[in-house]
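Undergrad: As given, the protein sequences belong to chains A and B, one line each in that order. First residue of the first sequence: 1447, per my numbering; consecutive thereafter. First residue of the second sequence: 1447, per my numbering; consecutive thereafter. Ideal Cβ positions, reconstructed from N, Cα and C, are used throughout, including at glycine.
There are 2 protein chains.
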Amino acid sequence: MSEMTTETATGGCMRVAIGDGDSGFVQVLCKRLDRLGWEHRVLTGTVPVERLVAMRLGALVLDLALLGPGAWEYLERVTRELPALPVVVCTGQSTVSQRVRGLRMGADDWLTKPCHPEELIARIEAVTRRRRQAEGPGTEVVLAGEIEVRPDQFQVFAHGASIDLTRREFELIQLLAAAEGRVLEREEIYQRVWGYTMAHGDRSVDVFVRKLRSKLQVASPDWNYIHTHFGVGYRFAAQQAGAEREALRAPIAEAAPEPGPAPGAVQAPPPEPARDVRLLA
Amino acid sequence: MSEMTTETATGGCMRVAIGDGDSGFVQVLCKRLDRLGWEHRVLTGTVPVERLVAMRLGALVLDLALLGPGAWEYLERVTRELPALPVVVCTGQSTVSQRVRGLRMGADDWLTKPCHPEELIARIEAVTRRRRQAEGPGTEVVLAGEIEVRPDQFQVFAHGASIDLTRREFELIQLLAAAEGRVLEREEIYQRVWGYTMAHGDRSVDVFVRKLRSKLQVASPDWNYIHTHFGVGYRFAAQQAGAEREALRAPIAEAAPEPGPAPGAVQAPPPEPARDVRLLA
DNA sequence: TGCGGCTGTGAAGATCCGGTGATCAGCACT
DNA sequence: AGTGCTGATCACCGGATCTTCACAGCCGCA
């Protein structure tokens, strides 16, 4: 049951950079990483720290031998400038004092070659686990229109201010926002938010959609976020109230961040609550 | 230099428990730990998890050989119930698959004996460093409203006067303040303050929140600091009592009464700037 | 155009959750 | 042993939340 989940909390999959000169080892390792679905990049030398930043790595594997004489210096620079980046040194024969030095310098683990790729992976997981632990099961943050859904904090922000939602309301908007642009059926929504199958005639989803709409209306009056699909369910998509248009039958309605017109534009008293276009052929 | 403070967020200096049967190795190790000023305890067998909790450890060193047949089970139990506790397995000969199993199970590092005490210490430091960092900067002073949380002194000040808090109370406010603006779930709070997983129905967090609120109320009557998120947890944010700031958190304001823009009205919520930006996630 | 079904809306009741005060055990110190 | 403090647990209560219902309005279709 130690079968571990390869999915990481950081949204997609784990991203690892490997700085190692042993091409045979790297090849085997990469094959294994592929099977796990981890993204990986092989570094051929000392990559500038800024480049490492750009890679948005989840972990870094380094063979000090590859780096040549400036290896220690480089290791120190990396650990100093990217303290959040887990670093596993995987290198050939070494003395105790070298290992101690490396670990004190900021490396998270030190593995001596020859080593088994599986152990290296397990050690990467171990150091990464510690870091993930604090970040929680944060799925992706969703930005749409004027609001921001933060699954990691149980909060939704509008203009940077928190919108007070109950747990159910939050779970509902999180589900909808995660499926941005797609229509979700009531049954599926109920199933995934409430956890069990919806009884026939249950209107809970409708009621909560109404509550959500109400709160979103207060926080972000010029936008509509939740659209009804008659006879089907609901769809989440940011849409500015004034703009009557929405890409008709676009399968993936992309959240248009700035639909042209000036933001503070004329917002007449909305007895005309911008009825969304119903497709559903 | 890597001269680190032995201070941990949980109190005095680093506290380590060693479960190892090799008395010679333990003796050498302890002598070294003494010189470092680390507190240490030697365990002679499988200590119940509750006892480990009571020790308020900073790290645990385990020799699986000492634990006998139930070693794996014990390791799993420890890592499951005390996920915040860094565990370094230091044991005799082992196969790759054993090491992988241990690491996957939750151990943070695996060292094969014979090993040098200095390396073991360096590895303990490494995993502890990673954990401290993941838990956030526990040493940073937090200023909010009229109070000041000083993790370095275990004190909270209001108007410069110290507020008398107990250990738990302080750890709680420190945790909340460090996550200023974010909602923390009860489970997570309990996990990180009490150190083990929260039993179902436990109200300890609530009770301590109440104590904290009570003391903060006395020291800083015009402010609210700890906000309840129903069904979720708590959020720390300084908020002046009189001012009806955070206009967006009105409970279900019905249909917007004044669609007229009311420009100057709800704008720029100053007490909610704490949106952390996580790069290099 | 009219009808049946689906959805929006408001409210009432049931249910759940968190605030509050009190009690009790463990511990350090006197 | 006595005292004072800390922390754990409990029961109760008020209020927030969730469910359910009835009705009104809207949509699709014949």
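Going by CA-CA distance only, name the one from A/MET1460, A/ARG1481 and A/LEU1513 that's closest to A/ASP1468.
TA: Checking every option, the nearest Cα to that of A/ASP1468 belongs to A/LEU1513.
Undergrad: For a contact defined as C-beta to C-beta under 7 Å, what are the partners of B/ARG1569 on chain A?
TA: LEU1549, listed in chain order.
Undergrad: Mind checking which residues open and close the beta strand (DSSP E) that includes A/LEU1608?
TA: The identity of residue 1608 of chain A in the sequence shown is Ser, whereas the question assumes Leu. Here the beta strand (DSSP E) through A/SER1608 covers 1607-1609.
Undergrad: Output the boundary residues of the beta strand (DSSP E) element that contains B/TRP1518.
TA: Counting along the chain, B/TRP1518 falls outside any beta strand (DSSP E), though it belongs to the alpha helix (DSSP H) covering 1517-1527.
Undergrad: Does B/ASP1598 pass the burial test, meaning 16 or more other C-beta atoms within 10 Å, or should it be called exposed?
TA: So B/ASP1598 counts as exposed.
Undergrad: Going by beta-carbon coordinates alone, are A/VAL1542 and A/ASP1555 separated by less than 7 Å?
TA: No; because the gap between Cβ atoms is not below 7 Å, this pair is not in contact.
Undergrad: Give a yes or no on whether the minimum CB-CB distance between B/GLY1677 and chain A is below 7 Å.
TA: Yes, its Cβ sits closer than 7 Å to a Cβ of chain A.
Undergrad: Residues of the segment 1623-1648 of chain A in Cβ contact with chain B at a cutoff of 9 Å, in chain order, please.
TA: Here the close residues number zero.
Undergrad: In its own chain, which residues sit with a C-beta less than 8 Å from the C-beta of B/GLY1538, not counting the 5 before and 5 after it?
TA: Only ASP1509, ALA1511, THR1558 and LYS1559 meet the Cβ criterion.
Undergrad: How many Å lie between B/PHE1600 and B/VAL1534 at the Cα?
TA: Distance between the alpha carbons of B/PHE1600 and B/VAL1534 is about 29 Å.
Undergrad: Would you say B/ASP1554 lies against chain A (beta-carbon separation less than 7 Å)?
TA: Yes, B/ASP1554 counts as interfacial toward chain A.
Undergrad: Chain A beta carbons: is any one of them nearer than 7 Å to that of B/ALA1572?
TA: So, interface residue.
Undergrad: Comparing C-alpha positions only, which one of A/LEU1630, A/ALA1624 and A/HIS1605 sits nearest to A/SER1666?
TA: Comparing Cα-Cα distances from A/SER1666 to each of A/LEU1630, A/ALA1624 and A/HIS1605, the minimum goes to A/HIS1605.
Undergrad: Is the separation between the beta-carbon of A/PRO1563 and that of A/LEU1475 shorter than 7 Å?
TA: Yes; because the gap between Cβ atoms is below 7 Å, this pair is in contact.
Undergrad: Is A/GLN1685 helix, strand or coil by DSSP?
TA: Three-state DSSP puts A/GLN1685 in a strand.
Undergrad: Kindly provide the ranges of any beta strand (DSSP E) runs that are 3 or more residues long and lie completely inside the segment 1548-1579 of chain B, ordered along the chain.
TA: Fully enclosed beta strand (DSSP E) runs of 3 or longer: 1555-1558.
Undergrad: Which residues mark the beginning and the end of the alpha helix (DSSP H) in which B/TYR1636 is found?
TA: B/TYR1636 -> alpha helix (DSSP H) spans 1632-1639.
Undergrad: With DSSP collapsed to three states, give me the class of A/PHE1676.
TA: In this structure, A/PHE1676 counts as coil in the three-state DSSP scheme.
Undergrad: Can you determine whether any heavy atom of the ligand COA sits closer than 6 Å to the C-beta of A/PRO1597, and answer yes or no?
TA: With respect to the ligand COA, the structure offers nothing, as it holds no ligand at all.
Undergrad: Strictly under 7 Å for the Cβ-Cβ distance: is A/THR1558 near chain B by that measure?
TA: Answer no: the Cβ-Cβ gap between A/THR1558 and chain B never drops below 7 Å.
Undergrad: Along chain A, in chain order, which residues have C-beta atoms closer than 7 Å to that of B/VAL1462?
TA: Those within 7 Å of B/VAL1462 in chain A number zero; the least Cβ separation is about 16 Å.
Undergrad: Sorted by chain position, which residues of the same chain lie with C-beta nearer than 7 Å to B/THR1643's C-beta, five sequence neighbours on each side aside?
TA: The answer, listed in chain order, is GLU1527 and GLN1637.
Undergrad: Is the Cβ-Cβ distance between A/PHE1654 and A/LEU1622 less than 7 Å?
TA: Result no, Cβ atoms of A/PHE1654 and A/LEU1622 do not sit closer than 7 Å.
Undergrad: Going by DSSP, what residue range makes up the alpha helix (DSSP H) through B/LEU1513?
TA: Here the alpha helix (DSSP H) through B/LEU1513 covers 1510-1513.
Undergrad: Using beta carbons (cut-off 7 Å, strictly below), is A/THR1612 in contact with chain B?
TA: True, the Cβ-Cβ gap to chain B drops below 7 Å.
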